[in-house]
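Residue numbers (the numbering used here), protein chains in the order written: chain A, 161 to 285; chain B, -10 to 346; chain C, 33 to 215. Idealized CB from N, CA, C, for every residue including glycine.
Below is the structure:
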C-alpha cells in the first residue's frame, strides 16, 4: 500500500475543515447580531432558567463509556481472527481457529452476562 | 504539445485523483444534503397524505436552495452562557468525520473509464487495505461533536441530550462492529473493494441475514434517525444537543447527519447487498455487459441502491414512533450485542459447512 | 526524503500537542489536544508502515478512551473559576521549548549520517502492516496472548462492575394498604 493513499484522507480532512470553518465564518459575516437578554439567555421553553447550573449526572454514562471501551477492544481483536478464519479453514486447521475464537468469545460473553446480571446494563444504559 | 501533457501518465493519475475527490465531495455535500432535505419533506408529505413543499420552484425542488440561503443569512446567535470556542468548534467537528468517512468507499469496480486511463484504477479516494477499520474509526469520532455541542451550550437540556445521544451512539457502534466482524468472516477481507468484489456469486445478505438485522438498527441509531432519534426529538428535549444552535451552525449538524446517512447506506450496501452488482445471483459480467465501454453502469446502479436506501431511511422515519431512552439502550446492549455474538458463531458454522460441501 | 520530512513534522506535532495537553489550564482543552496527539501518533505509525495499528490507535484511543475522558470531564462540569486563571507556565514558553527541540532534531538530522534506510514495509506491495499479516502472527505465535487479552478484558469488566455496583433499593409501594387507590 502506498503512503500516498493517505493523501486522499488528508485532502478530505482539509476540505471538511474548510467547509466547516467557511460556514461558521459566513454566519459571522452575514448574520445579524441583534442581541438582547431575552434572546441570548439559555433556552428553556421560554421561561427563565431555573434549577441549579451544575447538576449531578448519573454514573451510568460513565459505565456505558467504560463498557464500550472494553467491548470495542474485543471487536478489534475479533477483526484479525475473522480475517484469518478462512485461511485456516482452507489449510485444514478449521477446528483450531474455531476453538481459539470460541474461547475468546466465550470469555467476553461471560463479561457481558456478568454486566447484565449485575444490573449495569439497566435503565439508562 | 498539449496532447503529450494531457496524456502524461502522472498528470492523468493526479487529474483522476482530483476529479474523484471533487466529484465525491461535491456529490456528498452539494447534492446529497439538499436533495435529501427535499426528499424528506416530500416523502413526509406523501406518507402523511399532504403536500410537501411545492411552492418554491417546480415541485418545490428549489426549497433546499431557499433553505440554505435562509440558514446562511440567519442571525449569528451567541447566547450569553455558551463556552465560545467549543460552541464554534462542535459543528466543524461534526462535519470533519462526515467528510473523511467516505474516503474509502469504492463506487465501482476498477475501471479504465472507457479507455481514458492507461491502467484500471479504483474508484476509491484512498485505497487503504484497512479500509473497513478506518471507517469504524472515523465514525467513532463523530461522538465528540455531539458531546461538545451540548456541553458548550451550557443549557441543562442540551447537556442531557448530548450525553444521551453520545451514550446511544457508542452503544450502537458496538453492535455495528460485531455485525461487521461477521461480514469480514464471510468476505474474507478488510478492504472494502475486496468485500464488494467477493459478492459476485452471491450477496452477503443471504448467509449474513442476521448480521444485516443487527447492522440495520445500528446504523439508524448511529445517525440518530428515527426510531432512535430521542436525543434530537423536539417534543422531548427541545431539540436536544443543538437547541442553542441556529442558522448555518445548525445547518452544519444537519448536513453532517445527511452525509453520514449516505455513507452508512453505502457501507450497508457494500457489506450486504453486493455493492454494485446487478442482482443477487447475477453480476454484470454474467449478463455480458462490457464493463470497459459501459464502465459507468455499476456506479450508477450503486448510486441507485444508495438512493433506495436513503428513501428507506426517510420512510422509516415517518412510519415508526420513537423509542424511549431506556428501551433504546436496552435494545442496544441486551438484544443487538447478544444476537451479533450469536451470529458470529452461526457464520463460522456456515463457513465450515460451505467448505465441507 | 518525503518520509523523513513527514516524520519530523509528525514528531514535532506530537511533541507540541503533548506539551499543550500538559500546560493548558482547562481540562476539556487538554482532552482535545490529546485527541489531536493521538492522530499524529497514528501518523507516526503510518510512517512505520503499520497501517492497522494506526487505524486502531484512532479507533480505540481517540474514539473510545478519549470519549470516556471527555464524558468524565463534561460530567464533572468544573467551574472555570475553580481551575484558576493561568498555569504556572505560559503557553508561549512551551511552544518555544518544543520549537527549539524540533530545531535541534533537525540540525542533528541534517548534520548526522543518513542512517535511515527505506523501510521495506512502505514499499507498494508490502504486506507488512496489513491486518492479514497481523492475523497470521497473532493466531499462530501469539495465540495465548490473544486469549490472555480476552481474560484481561474480562477482568476489566469485573472491575467496572465492582466499582459501580449499587445495591438496588427496595421499592416502596406507591400506595400503602390503608390508602384509597383511585378507581
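query: Distance between residue 339 of chain B and residue 183 of chain C (C-alpha atoms, nearest Å); result: 27 angstroms
query: Residue from C:87, C:185 and C:128 whose Cα sits closest to the Cα of residue 271 of chain A; result: C:185
query: Distance CB(residue 141 of chain B)-CB(residue 79 of chain B) smaller than 8 angstroms; result: yes
query: Distance between residue 190 of chain C and residue 274 of chain A (C-alpha atoms, nearest Å); result: 7 angstroms
query: Within-8 angstroms CB hit, residue 246 of chain A to chain B; result: yes
query: Presumed contact (8 angstroms Cβ cut-off) between residue 235 of chain B and residue 63 of chain B, rounded CB distance; result: 6 angstroms
query: DSSP three-state assignment for residue 100 of chain B, whether helix, strand or coil; result: strand
query: Reduced DSSP secondary structure (H/G/I, E/B, other) of residue 163 of chain A; result: coil
query: For residue 62 of chain B, the first and last residue of its enclosing alpha helix (DSSP H); result: 52 to 62
query: Contacts that residue 100 of chain C makes with chain A (C-beta to C-beta distance below 9 angstroms); result: 222, 225, 226, 228 and 229
query: Contacting positions in the region 106 to 124 of chain B - beta carbon closer than 8 angstroms to chain C; result: 117, 118, 119, 122 and 123
query: Interfacial residues, the region 182 to 198 of chain C to chain B, with Cβ spacing under 9 angstroms; result: none
query: Span separating the alpha-carbon of residue 304 of chain B from that of residue 214 of chain B; result: 11 angstroms
query: Span separating the alpha-carbon of residue 178 of chain C from that of residue 24 of chain B; result: 47 angstroms
query: Residues that residue 59 of chain C contacts on chain A, provided the C-beta gap is smaller than 8 angstroms; result: By Cβ distance, chain A contributes nothing, its closest Cβ being about 15 angstroms from residue 59 of chain C, past 8 angstroms.
query: Neighbour list for residue 129 of chain B in chain C, Cβ cutoff strictly below 7 angstroms; result: 91, 95 and 96
query: Beta-bridge partners of residue 132 of chain C, as assigned by DSSP; result: Partner(s): none; residue 132 of chain C has no beta bridge.
query: Residue environment, residue 9 of chain B, which counts as buried when at least 16 other CB atoms sit within 10 Å; result: buried
query: Where residue 168 of chain A falls, given that 16 or more other Cβ within 10 Å makes a residue buried; result: buried
query: Alpha-carbon to alpha-carbon, residue 220 of chain A and residue 285 of chain A; result: Bear in mind that a pLDDT of 46 at residue 285 of chain A, under 50, signals an unreliable position, so the model cannot answer this.
query: Per-residue DSSP class, three states only, for residue 155 of chain C; result: coil
query: Beta-bridge partners of residue 110 of chain B, as assigned by DSSP; result: B:100
query: Cβ pair residue 263 of chain B, residue 188 of chain B closer than 8 angstroms; result: yes
query: Cutoff 7 angstroms; reference residue 180 of chain B; Cβ partners in own chain excluding five residues on either side; result: 118 and 120
query: Segment limits, alpha helix (DSSP H) that includes residue 199 of chain C; result: Element bounds for residue 199 of chain C: n/a, residue is neither H nor E.
query: Same chain, Cβ closer than 6 angstroms to residue 65 of chain C, neighbours up to 5 away in sequence not counted; result: 49, 52 and 53
query: Reduced DSSP secondary structure (H/G/I, E/B, other) of residue 265 of chain A; result: helix
query: Span separating the alpha-carbon of residue 19 of chain B from that of residue 6 of chain B; result: 19 angstroms
query: DSSP three-state assignment for residue 80 of chain C, whether helix, strand or coil; result: coil
query: Selected residue, minimal CA-CA separation from residue 246 of chain A, among A:237, A:235 and A:258; result: A:258
query: Inter-residue CB distance, residue 383 of chain B and residue 255 of chain B (contact presumed, cutoff 8 angstroms); result: Summary: the structure shown does not reach residue 383 of chain B, with chain B confined to residues -10 through 346, and so no result is reported for it.
query: Residue 265 of chain A, buried or exposed, once every other Cβ within 10 Å from all chains shown has been counted against 16; result: buried
query: 9 angstroms Cβ cut-off: residues of chain A touching residue 325 of chain B; result: In chain order: nothing, as chain A lies at least about 12 angstroms away.
query: Other residues of its chain near residue 124 of chain B: CB distance less than 7 angstroms, five sequence neighbours each side excluded; result: 90, 93 and 256
query: Residue 39 of chain B, buried or exposed, once every other Cβ within 10 Å from all chains shown has been counted against 16; result: exposed
query: Supposed contact pair residue 320 of chain B and residue 206 of chain B - C-beta distance, whole angstroms, cut 8 angstroms; result: 7 angstroms
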